[in-house]
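These protein sequences, in sequence, are chains A and B.
Heads up, the first sequence is in my numbering, so the first residue is 12 and it goes up one at a time.
Heads up, the second sequence is in my numbering, so the first residue is 12 and it goes up one at a time.
Take a look at the structure below.
Protein chains: 2
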Amino acid sequence: MNVLIVHAHNEPQSFSSALCQLAEETLQGQGHAVQVSDLYAMNWNPVASAADFAERANPDYLVYALEQREGAKAKTLAADIQGELDKLLWADLVIFNFPIYWFSAPAILKGWFDRVLVSGICYGGKRFYDQGGLTGKQALLSVTLGGREHMFGEGAIHGPLEDMLRPILRGTLAYTGMAVLPPFVAWHVPYIGNDARQDFLRQYQERLQHLQSDQPLAFPRLEQFDERLYPLPR
Amino acid sequence: MNVLIVHAHNEPQSFSSALCQLAEETLQGQGHAVQVSDLYAMNWNPVASAADFAERANPDYLVYALEQREGAKAKTLAADIQGELDKLLWADLVIFNFPIYWFSAPAILKGWFDRVLVSGICYGGKRFYDQGGLTGKQALLSVTLGGREHMFGEGAIHGPLEDMLRPILRGTLAYTGMAVLPPFVAWHVPYIGNDARQDFLRQYQERLQHLQSDQPLAFPRLEQFDERLYPLPR
Numbered sequence: 012m013n014v015l016i017v018h019a020h021n022e023p024q025s026f027s028s029a030l031c032q033l034a035e036e037t038l039q040g041q042g043h044a045v046q047v048s049d050l051y052a053m054n055w056n057p058v059a060s061a062a063d064f065a066e067r068a069n070p071d072y073l074v075y076a077l078e079q080r081e082g083a084k085a086k087t088l089a090a091d092i093q094g095e096l097d098k099l100l101w102a103d104l105v106i107f108n109f110p111i112y113w114f115s116a117p118a119i120l121k122g123w124f125d126r127v128l129v130s131g132i133c134y135g136g137k138r139f140y141d142q143g144g145l146t147g148k149q150a151l152l153s154v155t156l157g158g159r160e161h162m163f164g165e166g167a168i169h170g171p172l173e174d175m176l177r178p179i180l181r182g183t184l185a186y187t188g189m190a191v192l193p194p195f196v197a198w199h200v201p202y203i204g205n206d207a208r209q210d211f212l213r214q215y216q217e218r219l220q221h222l223q224s225d226q227p228l229a230f231p232r233l234e235q236f237d238e239r240l241y242p243l244p245r
Numbered sequence: 012m013n014v015l016i017v018h019a020h021n022e023p024q025s026f027s028s029a030l031c032q033l034a035e036e037t038l039q040g041q042g043h044a045v046q047v048s049d050l051y052a053m054n055w056n057p058v059a060s061a062a063d064f065a066e067r068a069n070p071d072y073l074v075y076a077l078e079q080r081e082g083a084k085a086k087t088l089a090a091d092i093q094g095e096l097d098k099l100l101w102a103d104l105v106i107f108n109f110p111i112y113w114f115s116a117p118a119i120l121k122g123w124f125d126r127v128l129v130s131g132i133c134y135g136g137k138r139f140y141d142q143g144g145l146t147g148k149q150a151l152l153s154v155t156l157g158g159r160e161h162m163f164g165e166g167a168i169h170g171p172l173e174d175m176l177r178p179i180l181r182g183t184l185a186y187t188g189m190a191v192l193p194p195f196v197a198w199h200v201p202y203i204g205n206d207a208r209q210d211f212l213r214q215y216q217e218r219l220q221h222l223q224s225d226q227p228l229a230f231p232r233l234e235q236f237d238e239r240l241y242p243l244p245r
């Protein structure tokens, strides 16, 4: 397998960084090819703007997705976007490794989604969910957070973590056609000791060594909807 | 009322920008004081990093929320963060005006949440949801998106929009104690003509003129949970 790890933590010594390194080593140890995009180390620019397009289909009025489509076709996207897009298209598995900020991805990673998941290649028109441009690829979130596990789930104070992560799991990764594996979650990380951290590292390594037995999460399929995307009777 | 509008669109002529301007004019016309943070025009930096702290509680290991707490106390936060934080604390109502990117906020706005909603002031310890640091303030999302209205809701292809926006509505704004009003949504914006856009502008103006009759969305209250944040029997 070709594996891309997109890593987004601002402290190189963080536990999140340790998870990233463990994934790289474990997957390489299994014979996979691994590339890591360390967004902070790369000084990644997360802001989707007019500067992303060397040539503009419409220089007078920016419609970002339209310019993405044209720029991807003409290969005139900004070099940093094209570089990440090439890695993404090379990958069979993409791991997004990050600390939860506001029940979501840090802005530096959100801007990777905004800029790299270009219209016309990753999605577009009726090419989304199981018809998306990235079908055949797998995605895995590896996240750390401050909350305890009992604060998440049905009836818990924050509700199910998967519901909080819905715009990423479903609205982003499944939307582009990727098979989304259940997230790996390390709870309460800023407050736990070394033993608990070692446990999470062991759990993650175990998980990575058996990814082929993981069942992807279930999301809508276009065949359940009509031409105008109204639901068909079941 | 003091109103802060946080605006995040990369095209100054966009319909989203027209909504921003309409809100500014309408609310000023009603005698409210309005400030606008136009994040693209400000060249806002959305990346939460060590550079945000002139002095570090722990220079050897960055825990972002911890440094926020210390920096807010000592008033040593980066000037751009302090400036936005001052506006936020001044405001009675905060409007977040943006195009939906990946069922969420554009990265430039996500980074406003990451950097400006500082620990120790906006939340911290048991100060969240109805006990959050920003209780007494109201929040409103004003969003544009490409999808049609029938693609959202129970059983629809993307499910309810409020579920996609959960990390913002509940996980961010309600978490800090703000009363969150139902979002104003302009659907299918890139594909509609001028008449339909004028309709949305009229609807939004009407909405803004009667905000006092809006019912905030319902979210958890801490009294429903015990000391360890397990749910209490109802």
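For each residue, glycine too, the CB sits at the ideal point set by N, CA and C.
Bear in mind that the values here come from a model prediction, so they are computed numbers and not experimental data.
Beta-carbon contacts of V196 (chain A) that lie in its chain and below 6 Å, excluding the five residues immediately before and after: Residue mapping note: residue 196 (chain A) aligns to position 185 of the first sequence, counting from 1. Counting only Cβ-Cβ distances below 6 Å, and skipping sequence neighbours, we find V154.
Members of the region 89-100 of chain B that neighbour chain A once the beta carbon cut-off is set at 7 Å: none
Those runs of the alpha helix (DSSP H) which lie wholly inside the region 95-152 of chain A and span at least 4 residues: 118-127
Exposure label - Q209 (chain A); buried when at least 16 CB within 10 Å: Stepping through the first sequence from its first residue, residue 209 (chain A) is reached at position 198. Counting the other CB atoms within 10 Å of its CB gives Q209 (chain A) a total below 16, which places it among the exposed residues.
Minimum length 4: unbroken alpha helix (DSSP H) runs contained in the region 24-55 of chain B: Those alpha helix (DSSP H) runs which fall completely within the region 24-55 of chain B and span 4+ residues are 26-40.
The beta strand (DSSP E) enclosing F195 (chain B), as first and last residue numbers: Here residue 195 (chain B) refers to the residue found at position 184 when the second sequence is read from its first residue. Segment F195 to A197, the beta strand (DSSP E) holding F195 (chain B).
Unbroken beta strand (DSSP E) run spanning N205 (chain A), endpoints: Along the first sequence, read from residue 1 onward, the residue named residue 205 (chain A) stands at position 194. Where N205 (chain A) is concerned, there is no enclosing beta strand (DSSP E), although the alpha helix (DSSP H) it sits in stretches over N205 to Q220.
8 Å Cβ cutoff met for S28 (chain B) and E35 (chain B): Locating residue 28 (chain B) in the second sequence gives position 17, counting from the first residue. Locating residue 35 (chain B) in the second sequence gives position 24, counting from the first residue. Going by C-beta atoms, S28 (chain B) is not nearer than 8 Å to E35 (chain B).
With 16 other Cβ atoms within 10 Å as the buried cut-off, status of Q79 (chain B): If you number the second sequence from 1, residue 79 (chain B) lands on position 68. In the assembly as shown, Q79 (chain B) is a buried residue. Its beta-carbon has 16 or more other beta-carbons within 10 Å.
Chain B contact residues for A59 (chain A), given Cβ-Cβ distances below 9 Å: As a first step, residue 59 (chain A) is located in the first sequence; it is residue number 48 there, counting from the start. For A59 (chain A), the neighbours in chain B by C-beta distance under 9 Å run, in chain order, N21, Y112, P117, A118 and I119.
Contacts that R177 (chain A) makes with chain B (C-beta to C-beta distance below 7 Å): Here residue 177 (chain A) refers to the residue found at position 166 when the first sequence is read from its first residue. Chain B residues near R177 (chain A): D174, M175 and R177.
Element boundaries [alpha helix (DSSP H), containing L15 (chain A)]: To locate residue 15 (chain A), count along the first sequence from 1; it is residue 4. Looking at the DSSP string, L15 (chain A) is not in any alpha helix (DSSP H); the run it does join, the beta strand (DSSP E), is N13 to H18.
Under 7 Å from the C-beta of H18 (chain B): neighbouring residues of chain A: The sequence position of residue 18 (chain B) within the second sequence is 7, counting from 1. Chain A residues near H18 (chain B): none, gap ~14 Å exceeds 7 Å.
Unbroken alpha helix (DSSP H) run spanning A248 (chain B), endpoints: The requested residue 248 (chain B) does not occur in the structure, where chain B is confined to residues 12 to 245.
Interface flag, H161 (chain B) vs chain A, CB-CB below 8 Å: Here residue 161 (chain B) corresponds to residue number 150 of the second sequence, with the count starting at 1. Output row for H161 (chain B): interface = yes.
Alpha carbon of M175 (chain A) to alpha carbon of L228 (chain A), nearest angstrom: Sequence index remark: in the first sequence, residue 175 (chain A) carries index 164 (1-based). Sequence index remark: in the first sequence, residue 228 (chain A) carries index 217 (1-based). Roughly 15 Å between the two C-alpha positions.
Reference L156 (chain B); option with closest CA among B:Q149, B:Y112, B:Y72 and B:D141: Counting from one through the second sequence, the residue named residue 156 (chain B) turns up at place 145. Answer by Cα proximity: B:Y112.
Same chain, Cβ closer than 6 Å to D225 (chain A), five either side skipped, listed in chain order: As a working note, residue 225 (chain A) is residue 214 in the first sequence. Only L192 meet the Cβ criterion.
Between the CA atoms of G40 (chain A) and L172 (chain B) - distance to the nearest angstrom: Along the second sequence, one-based indexing puts residue 172 (chain B) at 161. Along the first sequence, one-based indexing puts residue 40 (chain A) at 29. Computed Cα separation, rounded: 42 Å.
Nearest candidate by alpha-carbon position, reference V14 (chain A), set A:R177, A:Q24, A:I203 and A:G42: Residue numbering aside, residue 14 (chain A) sits at position 3 when the first sequence is read from its first letter. Of A:R177, A:Q24, A:I203 and A:G42, the residue nearest in Cα terms is A:G42.
Beta-carbon gap between W123 (chain B) and P231 (chain B) smaller than 8 Å: In the second sequence, counting from the first residue as 1, residue 123 (chain B) sits at position 112. In the second sequence, counting from the first residue as 1, residue 231 (chain B) sits at position 220. Cβ distance not < 8 Å, so W123 (chain B) and P231 (chain B) don't count as in contact.
Whether G143 (chain B) touches T187 (chain B) by CB criterion (8 Å): For the purposes of this step, residue 143 (chain B) is taken as the residue at position 132 of the second sequence. For the purposes of this step, residue 187 (chain B) is taken as the residue at position 176 of the second sequence. Yes, these two residues count as a Cβ contact at 8 Å.
Chain-order list of residues whose beta-carbon lies under 7 Å from that of L145 (chain B) (same chain, five-residue window excluded): Numbered from its first residue, the second sequence carries residue 145 (chain B) at position 134. Hits under 7 Å: C133, T187, G188 and M189.
Residue-chain proximity (P201 (chain B), chain A), Cβ-Cβ < 8 Å: Working through the second sequence from its first residue, we reach residue 201 (chain B) at position 190. P201 (chain B) counts as touching chain A.
Three-state class that DSSP yields for A76 (chain A) in the structure shown: Numbered from its first residue, the first sequence carries residue 76 (chain A) at position 65. If DSSP states are grouped into helix, strand and coil, A76 (chain A) belongs with the helices.
One or two residues paired with V154 (chain A) in a DSSP bridge: Mapped onto the first sequence, residue 154 (chain A) falls at position 143. Paired residues: A:F109 and A:V196.
Neighbouring residues, chain B, relative to F124 (chain A) (Cβ below 7 Å): Within the first sequence, numbered from 1, the residue matching residue 124 (chain A) stands at position 113. Residues of chain B passing the Cβ test: W113.
Selected residue, minimal CA-CA separation from A68 (chain A), among A:G82, A:W55, A:A62 and A:A59: Start at 1 with the first residue of the first sequence, and residue 68 (chain A) comes out as number 57. Comparing Cα-Cα distances from A68 (chain A) to each of A:G82, A:W55, A:A62 and A:A59, the minimum goes to A:G82.
Minimum Cβ-Cβ distance from I168 (chain B) to chain A less than 8 Å: By 1-based counting over the second sequence, the position of residue 168 (chain B) is 157. I168 (chain B) counts as touching chain A.
Neighbourhood of W198 (chain B) by C-beta, 7 Å cutoff - its chain only, sequence neighbours within 5 removed: Stepping through the second sequence from its first residue, residue 198 (chain B) is reached at position 187. Excluding residues within five positions, the ones whose Cβ falls inside 7 Å are L156, G158, R159 and E160.
Residues bridged to V191 (chain B) (per DSSP): Your numbering for residue 191 (chain B) matches position 180 in the second sequence. DSSP, once it has assigned bridges, lists B:A150 as partnering V191 (chain B).
Segment limits, alpha helix (DSSP H) that includes E173 (chain A): For the purposes of this step, residue 173 (chain A) is taken as residue 162 along the first sequence, with counting starting at 1. Taken as a continuous stretch (DSSP letters only), the alpha helix (DSSP H) holding E173 (chain A) covers L172 to M175.
Cα-Cα separation, G204 (chain B) to L50 (chain B): As a working note, residue 204 (chain B) is residue 193 in the second sequence. As a working note, residue 50 (chain B) is residue 39 in the second sequence. Note on geometry: alpha-carbon atoms of G204 (chain B) and L50 (chain B) lie some 27 Å from one another.
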